[in-house]
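Residue numbering for the sequence shown follows full-length UniProt numbering, beginning at 1 and increasing consecutively. Since the structure comes first, as structure tokens, the remarks are kept for the end.
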Amino acid sequence: MNSPIRASSPSSSSSSSCSYNRHPPCLTHASRNFKFPLLLPQAIRTSQKMYRSSGSHLEASTNTNPMKNYLVGRCTPGSSEAQPLISKQILNRHLLPVEALVTSTVQDISDTPLLDDDKIGVLLLNLGGPETLEDVQPFLFNLFADPDIIRLPRLFSFLQKPLAQFVSVLRAPKSKEGYASIGGGSPLRRITDAQAEELRKSLWEKNVPAKVYVGMRYWHPFTEEAIEQIKRDGITKLVVLPLYPQFSISTSGSSLRLLESIFREDEYLVNMQHTVIPSWYQREGYIKAMANLIEKELKGFDSPEKVMIFFSAHGVPLAYVEEAGDPYKAEMEECVDLIMEELEKRRITNAYTLAYQSRVGPVEWLKPYTDETIVELGKKGVKSLLAVPISFVSEHIETLEEIDVEYKELALNSGIEKWGRVPALGCEPTFISDLADAVIESLPYVGAMAVSNLEARQSLVPLGSVEELLAAYDSQRRELPSPVIVWEWGWTKSAETWNGRAAMLAVLLLLFLEVTTGEGFLHQWGILPLFR
């Protein structure tokens, strides 16, 4: 397998992605690879500018007839000009009903004060992690019970929880060893709470007296707990901010689906205005903060210019990207390009590469894999490696154990002599300040599907309600097909995949018999009775 090692150069990087300090093209790299078009409503009022790309400059335009037309940015081969505005009839036929894209609480942005008498809240979404070794198995159960993590055919959907219990019990011992090696639990809650407090302080310093809440997907404080506190505090405007720089079905998408179900069942939440910042990997503050950390760690090497910069991102199944339209891979690649462009401005032109870690199960995940790439780099004579955890903004098991212990040991055994690792962003001041700016920039669009009215250096990121974002995503989403379609005999990758499928079907059948008959080793061990 050939690892995509790239030598950093202005010409190569500038041609592959758009940067925050250049005029953006009609679509970002990530948007061009999305399965559905990036939907950007036109200006809500004449005071809100929309940017249309034409050649190498941007033209600001206004629309005096709000909500009449919608702009779908689209680049044609060999041209950077944006296509003309598309009629509402075409959008209705190919995308979504226009009415589904605008909440019932659209406001006149130009006439409404930014804060008024509203109570502003910010909800930070994150994965969550076990705080003690006793928390590990129930945490794993919550993780694997999520249909966006383990996808079962609809026929077997009733086995989601029994399967989650089976897998969590099976994996708990090894996972406990990992958490024991980093102090007996995940530091994620402590770090996320600190980020929330620093974000609150930054917002107050910028004259936005907001309250900041933390909602975890799979452990305390659960998203449901955060929502209850939001209701008790009487929040009237809410900005939902996933702490995942890049959007993925399995991270931000899963958290937003949970929020959607919570909002749908609660009258208070239905009437509360809200907006979502789905991803923010291209923001200037985030890019500069990452570049600052990389530059600092490079100085710790004897020969900084000879260090390979190794971006390691959390992986996702390949089918999520190729079949379900997950933008994660495209956003990740663009993010790396933007960071390297920022480093080039500082005359740091090291070679770099991107790989994906943390794969599990028999299906194919995004490649190249981190472990295989490390071994390959060692064979190619790389002697100094700086690992950059690109998809993580907080330290947790994947950074403290998987990267710092497993991958470091693998690197040293593969011939790499000097190893370094960039810390996660945590409460880095530039990063926190930029998150606060992102929240403030989104406030005028709370309750309305709109694009952020940012300076031209920022990529266009849609801001909208939970329901609208998921509706846009689901509009052209297809069920994930089987990873391998054709059977192949012999010791092949296809055969291995089918063996894995056969084993999974056997497990499903076993669980089905356990559930229906009430007998078997799972009941004898006291596993399945926990659901009763």
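For glycine and all other residues, C-beta sits at the position ideal for the given N, C-alpha and C.
Simplified DSSP state of residue i, which is helix, strand or coil
i    : result
M340 : helix
G381 : coil
V446 : coil
F310 : strand
Q246 : coil
P389 : strand
L425 : coil
F301 : coil
T223 : helix
V276 : strand
L366 : coil
Delimiting residues of the beta strand (DSSP E) encompassing residue i
i    : result
Q195 : It is not in any beta strand (DSSP E) - Q195 instead sits in the alpha helix (DSSP H) that spans 188 to 205.
G285 : Element bounds for G285: not the beta strand (DSSP E) but the alpha helix (DSSP H), 284 to 298.
G420 : 418 to 421
T236 : Premise fails: T236 is in no beta strand (DSSP E) and is neither H nor E.
K211 : 211 to 216
K353 : According to the sequence shown, residue 353 is Thr rather than Lys. Segment 351 to 357, the beta strand (DSSP E) holding T353.
Residue i burial status per 10 Å Cβ neighbour count (16 or more: buried)
i    : result
W204 : exposed
F158 : exposed
P242 : buried
E284 : buried
E224 : exposed
N126 : buried
K329 : buried
G234 : exposed
Y268 : exposed
G253 : buried
E395 : buried
P209 : exposed
V121 : Strictly speaking, residue 121 in this sequence is Gly, with Val absent from that position. G121 comes out buried.
T370 : buried
E417 : exposed
P368 : buried
Continuous alpha helix (DSSP H) stretch holding residue i: start and end
i    : result
L269 : 267 to 271
V321 : 318 to 322
L256 : 254 to 264
E409 : 408 to 413
message = In chain order, what are the residue ranges of uninterrupted alpha helix (DSSP H) at least 4 long that sit wholly in the segment 115 to 190?
response = 136 to 144, 160 to 181
Inset, instruction - Please determine if the segment 272 to 292 and the segment 308 to 318 are in contact, where contact requires at least 3 C-beta pairs separated by less than 8 angstroms. - result: no
Next on the checklist: Taking contact to mean 3 or more Cβ pairs, one atom from each stretch, closer than 8 angstroms, check whether the segment 378 to 385 and the segment 252 to 266 are in contact.
Outcome noted: As far as the Cβ criterion goes, the segment 378 to 385 does not touch the segment 252 to 266, which means the pair count is below three.
Point to revise | the segment 142 to 150 in contact with the segment 164 to 178 per 3-pair CB rule at 8 angstroms | key: yes
Self-check item: Segment contact flag, the segment 427 to 440 with the segment 286 to 297, C-beta cutoff 8 angstroms, min 3 pairs
Solution: yes
Practice item. Count the CB pairs spanning the segment 398 to 409 and the segment 375 to 382 that are closer than 8 angstroms, and state whether there are at least three. Key: Here the segment 398 to 409 makes no contact with the segment 375 to 382; the two share fewer than three CB pairs at distances below 8 angstroms.
Original post:
Just checking, does the segment 327 to 341 make contact with the segment 411 to 421 on the three C-beta pairs under 8 angstroms criterion?
Top reply: no
Okay, do the segment 208 to 216 and the segment 184 to 196 touch, 3+ Cβ pairs below 8 angstroms being the bar?
-> When Cβ pairs closer than 8 angstroms are counted between the two stretches, the segment 208 to 216 is seen to touch the segment 184 to 196, the count reaching three or more.
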